[in-house]
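Protein chains in written order, with the working numbering: chain A, 1 to 351; chain B, 352 to 702; chain C, 703 to 1053.
Just below is one structure, and these are the notes that go with it.
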Amino acid sequence: MAIKEILQSYNKTKITIATICSHTSLQIFHGAKKEGFRTLGIAIEKTPKFYSAFPNAMPNEFFIIKDYKEILKVAKELQKKNVIIIPHGSFVEYLGGENLLKMDLPTFGNRNVIPWEVNRKKQREWLLSAGLDMPKEFSSPKEINCPVMVKFHGAKGGKGYFIAKNYDEFLEVNPKEIYTIQEYITGTRYYINFFYSPIKNSGYKLSKGSLELLSIDRRDEANIDEVYKLGSKEELKKLGILPSFVVTGNVSVVLRESLLPKAFEMAENVVEKSLELCGGIIGPFCLETVVTDELKFKVFEISARIVAGTNPFIFGSPYSDLIEEKLSTGRRIAKEIKLARKLGRLVEIIS
Amino acid sequence: MAIKEILQSYNKTKITIATICSHTSLQIFHGAKKEGFRTLGIAIEKTPKFYSAFPNAMPNEFFIIKDYKEILKVAKELQKKNVIIIPHGSFVEYLGGENLLKMDLPTFGNRNVIPWEVNRKKQREWLLSAGLDMPKEFSSPKEINCPVMVKFHGAKGGKGYFIAKNYDEFLEVNPKEIYTIQEYITGTRYYINFFYSPIKNSGYKLSKGSLELLSIDRRDEANIDEVYKLGSKEELKKLGILPSFVVTGNVSVVLRESLLPKAFEMAENVVEKSLELCGGIIGPFCLETVVTDELKFKVFEISARIVAGTNPFIFGSPYSDLIEEKLSTGRRIAKEIKLARKLGRLVEIIS
Amino acid sequence: MAIKEILQSYNKTKITIATICSHTSLQIFHGAKKEGFRTLGIAIEKTPKFYSAFPNAMPNEFFIIKDYKEILKVAKELQKKNVIIIPHGSFVEYLGGENLLKMDLPTFGNRNVIPWEVNRKKQREWLLSAGLDMPKEFSSPKEINCPVMVKFHGAKGGKGYFIAKNYDEFLEVNPKEIYTIQEYITGTRYYINFFYSPIKNSGYKLSKGSLELLSIDRRDEANIDEVYKLGSKEELKKLGILPSFVVTGNVSVVLRESLLPKAFEMAENVVEKSLELCGGIIGPFCLETVVTDELKFKVFEISARIVAGTNPFIFGSPYSDLIEEKLSTGRRIAKEIKLARKLGRLVEIIS
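Below, the structure is given as structure tokens:
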């Protein structure tokens, strides 16, 4: 059955907002509850105890499965509960992009964005065609002529990523598997958390709908953030201690105000291009940027869904407060579903 | 007179929450006032002027003494004011653990924890027996076989602490006094601020009472945080500039959500063990951790009372907001006293 | 016409708060709107679109000019709108201190502070005579006998600033233009955001009026903050990669509570001295400090107006919440104007 038809069969007064119990689930449940929705947490093997410590984010129901792929099999059961899935970053990672595309459950956002997000070449094509400035990419390590970040498929979540200042340093690691070699931009990192609504008709308007900036964070990465305390990179290399880039948490930041117009312009172009390419990047997305000492943005990645970087802002951010007090990204998603239901346009924000 | 009897003699409707005017006193007074308590600030020699700038945290009364040890002598006078002492980190440091044990004043929390906190060996025994993963300790500098943090008693508040990558680097400083040599873990630091209530019967339940996570911070440390800007550690050593680890402030952080279940599990085990060992670590405590690039926690210390790391959260945290809006640790303490008074169980949270 | 007379001619019930659309304008407009004022945004060439994303900070009117100096020419027109200008950091930079002094528009704060702020020698004289501890300054590079920060006029916003550990390192850059050579203090940086009201008669009282501490931030600086990830300074120099100090954003911090009395004392002395020197540093100001591992403040600069470092606190700070909930510096300015209007003392906070 097509998602549209499933959605048609739903009792719209009893919509349940559901996601996997990890990543950004606390704010997703918290926001949904605040907006009056029932909530359902999908967990593996047993009920996670830690939610009991956070009564305002405790889902109304837990749905226990054996492994994440089981979600595909229990779709019917979840349909009966009028479930709309919020696919956070771990959702995609655990289930796999392919499986997410096959899932017979109404899912917040546009699933047609997934191929443009998960394939690095397509993602780069999308962002460059939207006019964004990105770090150079090298097709062969021999071409390295500046410091680069090397990412390869064997590396788990940033664990094996490394910086090479030249070809020789590349050879010291010389990963065999497929990799990307990206210019390493020096500057300060800003992960800018936007929200695109195709149905909201006020605020920062686009050709269709409107755009919001909800928060900005910076990722904590182990061990690169603090390893310098031990000694210089060169000294540490002798001891076999190599930097790694595993995300362990997030910090709230604000951007120099004069850079905001450019940040909006980039996000606007990314959305407009996505409308052309695949029907639009609906809901939350994150532009991952470095600001250089020339006050220029370099965008090194986009995440086409709610990112963990929105977690510092469960109680609002210096930006979202200018829209509405205590507006987390999780709550913004719930508001979008509520608005779409009211307007009879759920089909435009669900896929 | 035993604390129980002193407490019995109190006019429970006129309880006054008191602490030394430093460390976390602003949030302790602020929280107590919000919950309707009278407040009293103990200060040395003169009324500190800076509270007048913060009307919502201004204690109702200042109690001026000559030096901290005088608190022991004026206990009777404070008893007449129905004072309950909140012992923050500086309270313990200024008064000394020994003196705190002798103080004839009802004190929030369990004083029997103090010996387990202040003695490094006992603290390690406690945490290891609770199943926590801790950095290795070396009984002799000759055994150093990895980077270590060296702490010695002559060092004041992190001033003389140093990192040695091997035995030779240890010898360059070679402190004579008693010291601990602890494996230096590379990763990112999270200071996780919990609250254990033996009387609250909802939320994240333990064998007795329940557990809360109120906030997570990271310490600012001078000069280690920023000294790298001058040059590499090796270059700076030539100039006689050595890193130091003196806490000067705190920053708000959030932890990767998938690490929360483990954080709760650790705290749960620490509390359960403390119930066995000494009657329970009652009230706020802090697990001081490093998260490695394997996404494992290493716990390098526990603080068995309110820490300065809760100061960024006077107006709430992304975690406490999921329990109740604008819930600081200071306010949480006041709520606990209020609840215990209501239940007639003050004696269980006071010692 | 003198500012006093212009102010006299104003319809006080229709005051419009105005500033240039950049820097801290979001919180200035947001705060003014919250306090019931009309707001006007001065922009170059066209209406900036990004405000539409922040409805609570959207000015009621945009006033479009060709370049910033045009403000001087359109003063009459703005006077008709009963405009009070809030001069933020970029305002001063764009217009120039000289021009700001000539502007025929009621301006929040005391313009007589400007000469004491923009001239480095006079600023130093002011702060030292207020008893503040500042980094040493070297009148000649040959005198360098410790690590120094070198600032020169050709450098744009921190781009060419550099650290030299000795005279030789100075010679490697050897800037020709006028410069300041300031001892480089190792420690952690705290940018402490105060507010001085000459008309408020409660709180932390001074010889005239009172003092508030509204927030503390730390600046993000590109590329110095993150460049260490590439390798040691010495290695990077070989590659031609030099540190730079361009402010790109801000992070919220709190200070060790035991340092607050000293912070207030410094600010108090700075205000009292300013009353002597030029009639007072009215409104927001920022002491830019390093805290050393001896827990001493070194003040390296003062900003005599609202700084971008107040932007993380649009929804309040752990300090301002102790005065009034959700009190940004922008809102505090609006409250001051409101109070002065009520008391008939606008002339004392406007120049």
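Built from N, CA and C at the ideal position, the CB exists for glycine as well.
Nothing here was measured: the structure is a model prediction, and the numbers come from that model.
Can you tell me whether residue i is buried or exposed? The criterion is at least 16 other CB atoms within 10 Å of its CB, across all chains shown.
| i | result |
| --- | --- |
| A/Ser-129 | exposed |
| B/Asp-672 | buried |
| A/His-88 | buried |
| B/Ala-353 | exposed |
| A/Glu-257 | buried |
| A/Leu-7 | buried |
| C/Glu-772 | exposed |
| A/His-23 | buried |
| B/Lys-589 | exposed |
| A/Asp-225 | buried |
| C/Gly-733 | buried |
| C/Glu-996 | exposed |
| B/Val-698 | exposed |
| B/Ser-625 | buried |
| A/Lys-33 | buried |
| C/Ser-904 | exposed |
| B/Ser-583 | buried |
Could you tell me how far apart the beta carbons of residue i and residue j are, in whole angstroms, since I believe they sit closer than 8 Å?
| i | j | result |
| --- | --- | --- |
| B/Ile-567 | B/Tyr-541 | 5 Å |
| B/Tyr-512 | B/Val-501 | 7 Å |
| A/Ile-84 | A/Ile-15 | 6 Å |
| C/Val-677 | C/Pro-1014 | Any property of residue 677 of chain C remains undetermined from this structure, which presents chain C solely from 703 to 1053. |
| B/Gly-600 | C/Thr-890 | 7 Å |
| A/Glu-301 | A/Leu-211 | Not confirmed; about 19 Å, so no contact. |
| C/Lys-861 | C/Leu-1041 | 41 Å between Cβ atoms; not a contact. |
| C/Ile-1025 | B/Pro-406 | 6 Å |
State the Cα-Cα distance for the pair residue i and residue j, rounded to the nearest angstrom.
| i | j | result |
| --- | --- | --- |
| C/Thr-1012 | C/Phe-731 | 14 Å |
| B/Pro-457 | A/Val-253 | 42 Å |
| C/Gly-982 | A/Thr-289 | 42 Å |
| A/Val-74 | A/Lys-342 | 28 Å |
| B/Arg-682 | B/Phe-459 | 13 Å |
| B/Leu-377 | B/Phe-666 | 12 Å |
| B/Leu-564 | B/Ser-679 | 11 Å |
| C/Glu-967 | C/Glu-1038 | 22 Å |
| C/Pro-849 | B/Gly-591 | 11 Å |
| B/Phe-648 | B/Ala-394 | 39 Å |
| A/Ala-334 | B/Asp-484 | 39 Å |
| C/Ala-1006 | C/Glu-779 | 28 Å |
| B/Lys-559 | B/Arg-389 | 30 Å |
| B/Ile-701 | A/Asp-220 | 38 Å |
| A/Gly-344 | B/Val-464 | 60 Å |
| C/Asn-895 | B/Asn-496 | 46 Å |
| C/Tyr-796 | B/Gly-448 | 58 Å |
| B/Gln-474 | B/Val-650 | 11 Å |
Do residue j and residue i count as a contact pair if the criterion is CB distance below 8 Å?
| i | j | result |
| --- | --- | --- |
| A/Asn-223 | B/Thr-398 | no |
| C/Tyr-881 | C/Ile-865 | no |
| A/Cys-286 | A/Asn-110 | no |
| C/Phe-854 | C/Pro-817 | no |
| B/Leu-391 | B/Lys-431 | no |
| B/Tyr-670 | A/Lys-49 | no |
| A/Glu-235 | B/Glu-468 | no |
| B/Leu-478 | B/Val-621 | yes |
| C/Glu-839 | C/Gln-884 | yes |
| B/Leu-581 | B/Glu-623 | no |
| B/Ile-315 | B/Ile-415 | No statement about residue 315 of chain B is possible, as the shown extent of chain B runs from 352 to 702 and does not include it. |
Quick one: what's residue i bridged to in DSSP?
| i | result |
| --- | --- |
| C/Thr-991 | C/Tyr-892, C/Val-1001 |
| C/Tyr-881 | C/Phe-854 |
| C/Thr-721 | C/Gly-743 |
| B/Lys-556 | B/Ser-561 |
| C/Asn-801 | For C/Asn-801, which the question treats as bridged, DSSP gives no partner whatsoever. |
| C/Ile-919 | Looking at the sequence provided, one finds Asp at residue 919 of chain C rather than Ile. According to DSSP, C/Asp-919 bridges with C/Tyr-893, C/Ser-954. |
| B/Ser-548 | B/Ser-561 |
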